[in-house]
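Here's the structure, in structure tokens; my notes come after.
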Amino acid sequence: MNRLLSGILKIDKIMYTIAGITLVCMVLLTLVDVILRNFGHPITGSMELIQYGGSIVFAFSVPYATFLKAQVQVDLVTEKLKPIPRKILSIITRIVGISFFLFVSYNFYLFGWDSKRSGEVTASFRLPFYPIIFSIAVCFLFQSLTVFYDLIETIRKAEDEQ
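End of the sequence shown = 163 in our numbering, gap-free, step of one.
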């Protein structure tokens, strides 16, 4: 089980690194495009590349950010609960999160196949949409695995406290 959890974490870190590299490339592309636009030579299709990049940055960064607990948590209700009900609620919300992200991943997978069958491509570069859609599906799958990792850690902490 520990090998599975460490494998999930390793892939999350790799995806996070890809998101960071993509973000740097997007910033550089935007900078160069703005400079060249002032000289009358904008980069054709830069908006398409920025849109693709934005999808990659978002999807690839979410699993590791979840592992780091970098999301905003509003715990006005849970902080008033006693420890046992708080743990139970924490376990339930993680199970709901796993189910939700598996559902999202599966629907992106279906959407990717529809996009591949229809042959949808971007306007300028004629790049197909489906590789990005499938990569987003994989990212949400790893998001659900990361929430599963968090669920295991929550259960372990609850057992250690007893």
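The C-beta atom is built at its ideal place from N, Cα and C for all residues, glycine as well.
It should be emphasised that the depicted structure is a prediction, and the values quoted were computed from it without experimental measurement.
Assigned with DSSP and collapsed to three states, Val122 falls in strand. DSSP places Pro64 in the helix class (H, G or I) of the three-state scheme.
A Cβ-Cβ separation of about 6 Å places Leu30 in contact with Ser47 under the 8 Å criterion.
When C-beta atoms of the stretch 103-115 are compared with those of the stretch 125-145, three or more pairs fall below 8 Å, so the two segments count as touching. Ala66 is not a Cβ neighbour of Tyr107, given a cutoff of 9 Å. One Cα belongs to Gly54, the other to Lys83, and the distance between them is close to 44 Å. Nearest Cα to Gln144 within the set Gly21, Phe104, Ser125 and Ile22: Phe104. Using a Cβ-Cβ distance cut-off of 8 Å, the stretch 85-102 and the stretch 119-131 are not in contact, since fewer than three pairs of beta carbons, one from each stretch, lie closer than that value.
Pro129 has Val122 as its beta-bridge partners, per DSSP.
Classified as exposed, Phe40 has fewer than 16 neighbouring CB atoms from the shown chains inside 10 Å of its CB.
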